[in-house]
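Here is the structure we will look at.
Chains as they are written, first to last, in full-length UniProt numbering: chain Y, 1 to 165; chain S, 1 to 256.
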């Protein structure tokens, strides 16, 4: 049976990677930390029922909690006394391609972004992603395919997804 | 321009200059658990009051609302909009594991050799079994005494400590020749208040006994620089704004 030590070990070992996943979902480190703390707290409350591999369960909480927050959270501006950093022109040239991808990723609809994060960051199989998102494998692949087109990923890879690989 | 799936994976895994999350701590998670439980109790109290009022107002043949899923609403409630953290701005996080040992015998001093490096250290010591005393040493011989194990209330205490002021040369660097971190879990079950009382005698008389425990040493790393984030500084209780003025990834507190 899973116990407290087991949970604490999981948090220590996996939270950096989970935090990165949370960041990819919400694109803000502060919110990501907030989101992950809440997700892990919810996971702990059900820890005895979690199976051998807690990852799918924790990812499900992460994605669902983010979706709920996104619907409810006030998204107005916060007043600020300092301006954000200005972009560095030299560095911008070198990273412009990647930055463009990040921008597109940030603009993807929530469901598509979740599919991309779970498929290409968490490396979960489509079947497990479907269970996490509560949809069919076909839907996962079609969402992935649409997102990859927007991200300008190699059309061959997009076609492979459509064909079910 | 198109990218490959591998490049997409690389982008998702992040670049160095994008900052890397040090994760969240167990203490932060348990604090959040307590907050959720408090909300549940508060919601439970409100429901109980509402039910009492409904019972008082409903005629014997009347019905009350069903399918009142209180927990879903409470659990799904977002935190306040302003993100808050339990760590003061600029405080270091436990980062990469640089040495780790798992043991099955208690009462014997086990050591980990740490190479030279420029970052302060953090040690985690986990013990199975009942509450016992444990001693952690740095290379210079200075020791720290702690409790470790599961108490009568079922609560397990592990040791999470930044090794400050011991074995660290000025400037926070470790000696060029590296150093040794060692620890021992003492045999006697401990339930007293004074963790320091008689521990040297117990250590001197300690004999090996079966016990699963582990020692992990990590390097402390600066937190991710999060520009324009407002947070509550637990040191002062004031709201501050991180402005990343330090550039090197260490946030500095902006104006409150």
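Glycine included, every Cβ here is placed at the ideal spot set by N, Cα and C.
For residue 118 of chain Y, which residues from the same chain have a beta carbon less than 7 Å from its beta carbon, with the 5 sequence-adjacent residues on both sides left out? Residue 118 of chain Y sits at position 118 when you count from the first residue of the first chain. Counting only Cβ-Cβ distances below 7 Å, and skipping sequence neighbours, we find 59, 124, 129, 132.
So residue 189 of chain S contacts chain Y; which residues on that side make the cut at Cβ distance below 9 Å? Indexing the second chain from 1 puts residue 189 of chain S at position 189. Within 9 Å Cβ-Cβ: nothing; residue 189 of chain S doesn't reach chain Y, min ~18 Å.
Test item: CB-CB of residue 123 of chain S and residue 24 of chain S under 8 Å: Your numbering for residue 123 of chain S matches position 123 in the second chain. Your numbering for residue 24 of chain S matches position 24 in the second chain. Cβ distance not < 8 Å, so residue 123 of chain S and residue 24 of chain S don't count as in contact.
Under three-state DSSP, which class holds residue 147 of chain S? In the second chain, residue 147 of chain S corresponds to position 147, counting from 1. DSSP places residue 147 of chain S in strand when its eight states are reduced to three.
Cα separation between residue 4 of chain S and residue 154 of chain Y? In the second chain, residue 4 of chain S corresponds to position 4, counting from 1. In the first chain, residue 154 of chain Y corresponds to position 154, counting from 1. The straight-line gap from Cα to Cα measures roughly 5 Å.
Is residue 29 of chain S closer than 8 Å to residue 11 of chain Y when the C-beta atoms are compared? Along the first chain, read from residue 1 onward, the residue named residue 11 of chain Y stands at position 11. Along the second chain, read from residue 1 onward, the residue named residue 29 of chain S stands at position 29. Yes, Cβ-Cβ distance for residue 11 of chain Y and residue 29 of chain S is below 8 Å.
Would residue 103 of chain Y and residue 147 of chain Y be called neighbours here (beta carbons separated by less than 8 Å)? Along the first chain, one-based indexing puts residue 103 of chain Y at 103. Along the first chain, one-based indexing puts residue 147 of chain Y at 147. Cβ distance not < 8 Å, so residue 103 of chain Y and residue 147 of chain Y don't count as in contact.
Range of the contiguous alpha helix (DSSP H) that encloses residue 38 of chain Y: In the first chain, the residue the question calls residue 38 of chain Y occupies position 38. Here the alpha helix (DSSP H) through residue 38 of chain Y covers 29-45.
Whole runs of the alpha helix (DSSP H) within the UniProt domain "HTH luxR-type" (105-163) of chain Y, excluding any shorter than 4 residues: Fully enclosed alpha helix (DSSP H) runs of 4 or longer: 110-116, 126-133, 137-150, 155-162.
Return helix, strand or coil for residue 252 of chain S, following the three-state DSSP convention. Along the second chain, read from residue 1 onward, the residue named residue 252 of chain S stands at position 252. Low local confidence applies: a pLDDT of 46 at residue 252 of chain S is under 50, so the model's placement there is unreliable, with the coordinate-based value given in what follows. Of the three classes helix, strand and coil, the one that applies to residue 252 of chain S here is coil, per DSSP.
Buried or exposed (CB count within 10 angstroms, at least 16 for buried), residue 102 of chain S: Here residue 102 of chain S is taken as the residue at index 102 of the second chain, counted from 1. Residue 102 of chain S comes out exposed.
Where the alpha helix (DSSP H) through residue 25 of chain Y begins and ends: Position 25 of the first chain, counting from 1, holds the residue named residue 25 of chain Y. Per DSSP, residue 25 of chain Y belongs to the alpha helix (DSSP H) from 4-26.
Just the chain S side, please: which residues come within less than 7 Å of residue 15 of chain Y by C-beta, in chain order? Translated into positions along the first chain, residue 15 of chain Y becomes position 15. By Cβ distance, chain S contributes 23, 24.
Enclosing beta strand (DSSP E) for residue 214 of chain S [first to last residue]: Locating residue 214 of chain S in the second chain gives position 214, counting from the first residue. Counting along the chain, the beta strand (DSSP E) containing residue 214 of chain S begins and ends at 209-221.
Mind pulling the chain Y residues with CB within less than 9 Å of residue 9 of chain S? Here residue 9 of chain S refers to the residue found at position 9 of the second chain. Under the 9 Å cutoff, chain Y gives 120, 121, 123.
With a threshold of 16 other CB atoms inside 10 Å of the CB of residue 205 of chain S, please say whether the residue is buried or exposed. To locate residue 205 of chain S, count along the second chain from 1; it is residue 205. By the neighbour-count rule (16 or more Cβ atoms within 10 Å), residue 205 of chain S is not buried but exposed.
From residue 186 of chain S to residue 15 of chain Y, what distance separates their C-alpha atoms? Residue mapping note: residue 186 of chain S aligns to position 186 of the second chain, counting from 1. Residue mapping note: residue 15 of chain Y aligns to position 15 of the first chain, counting from 1. C-alpha separation (whole angstroms): 31 Å.
Pair within 8 Å by beta-carbon distance, residue 62 of chain Y and residue 21 of chain Y: Translated into the one-based positions of the first chain, residue 62 of chain Y becomes position 62. Translated into the one-based positions of the first chain, residue 21 of chain Y becomes position 21. In contact: residue 62 of chain Y and residue 21 of chain Y (Cβ atoms closer than 8 Å).
Check whether the Cβ of residue 5 of chain Y lies closer than 8 Å to any Cβ atom in chain S. The count along the first chain starts at 1 and reaches residue 5 of chain Y at position 5. Yes, its Cβ sits closer than 8 Å to a Cβ of chain S.
Could you check what DSSP says for residue 68 of chain Y in three-state terms: helix, strand or coil? Counting from one through the first chain, the residue named residue 68 of chain Y turns up at place 68. DSSP places residue 68 of chain Y in helix when its eight states are reduced to three.
Contacts that residue 153 of chain Y makes with chain S (C-beta to C-beta distance below 9 Å): Here residue 153 of chain Y refers to the residue found at position 153 of the first chain. What residue 153 of chain Y touches in chain S: 2, 3, 4, 5, 7, 8.
Does the beta carbon of residue 221 of chain S come closer than 8 Å to any beta carbon on chain Y? Here the question's residue 221 of chain S lines up with position 221 in the second chain. Cβ-Cβ to chain Y under 8 Å: no for residue 221 of chain S.
Going by Cα to Cα distance, which pick from Y/68, Y/69, Y/40, Y/110 is closest to residue 56 of chain Y? As a working mapping, residue 56 of chain Y is identified with position 56 in the first chain. Considering only alpha carbons, the answer is Y/40.
With 16 other Cβ atoms within 10 Å as the buried cut-off, status of residue 127 of chain Y: The residue labelled residue 127 of chain Y in the question sits at position 127 within the first chain. Exposed, by the Cβ-count rule.
Coarse secondary structure for residue 191 of chain S, derived from DSSP in three states: Position 191 of the second chain, counting from 1, holds the residue named residue 191 of chain S. Coil, per DSSP.
Applying the 10 Å Cβ sphere with the 16-neighbour rule, what's the burial state of residue 34 of chain Y? Reading the first chain from its first residue, position 34 is the one you call residue 34 of chain Y. That one is buried.
Determine the extent of the beta strand (DSSP E) in which residue 111 of chain S is found, giving its start and end residues. The residue you call residue 111 of chain S lines up with position 111 of the second chain. Judged by DSSP secondary structure, residue 111 of chain S falls within the beta strand (DSSP E) whose first and last residues are 110-114.
Does the CB of residue 105 of chain S have a neighbour CB from chain Y at under 8 Å? The residue you call residue 105 of chain S lines up with position 105 of the second chain. It does not: the Cβ of residue 105 of chain S has no partner Cβ on chain Y nearer than 8 Å.
Near residue 99 of chain S, which residues of its chain fall below 6 Å by C-beta distance, leaving aside the five closest residues on each side in sequence? Counting from 1 along the second chain, the entry for residue 99 of chain S is found at position 99. Same-chain partners within the cutoff: 112, 114, 217.
Could you name the residues of chain S that residue 41 of chain Y contacts, counting a contact when the two beta carbons are closer than 7 Å? Working through the first chain from its first residue, we reach residue 41 of chain Y at position 41. The answer, in chain order, is 29, 32, 33, 36.
Could you give the DSSP three-state label for residue 33 of chain S: helix, strand or coil? If you number the second chain from 1, residue 33 of chain S lands on position 33. Looking at residue 33 of chain S - three-state DSSP - the assignment turns out to be helix.
Quick check: is the beta carbon of residue 109 of chain S nearer than 8 Å to any beta carbon in chain Y? Here residue 109 of chain S corresponds to residue number 109 of the second chain, with the count starting at 1. The beta-carbon of residue 109 of chain S is placed no less than 8 Å from the nearest beta-carbon of chain Y.
What are the partner residues of residue 100 of chain S, as DSSP defines its beta bridges? Here residue 100 of chain S is taken as the residue at index 100 of the second chain, counted from 1. Note: residue 100 of chain S sits in a beta bridge opposite S/216.
Mark residue 89 of chain Y as exposed unless 16 or more other C-beta atoms lie within 10 angstroms of its C-beta, in which case mark it buried. Here residue 89 of chain Y corresponds to residue number 89 of the first chain, with the count starting at 1. Unreliable positioning characterises residue 89 of chain Y in this predicted model, as indicated by a pLDDT of 43, which lies under 50. The coordinate reading is nonetheless provided below. Exposed, because fewer than 16 other Cβ atoms sit within 10 Å of the Cβ of residue 89 of chain Y.
Please report the distance separating the alpha-carbon of residue 110 of chain S from that of residue 238 of chain S. In the second chain, counting from the first residue as 1, residue 110 of chain S sits at position 110. In the second chain, counting from the first residue as 1, residue 238 of chain S sits at position 238. When rounded, the distance between both Cα atoms is 43 Å.
Only counting the same chain, and skipping five residues up and downstream in sequence, which positions put a Cβ closer than 7 Å to that of residue 110 of chain Y? Taking the first residue of the first chain as 1, we reach residue 110 of chain Y at position 110. Hits under 7 Å: 67, 70.
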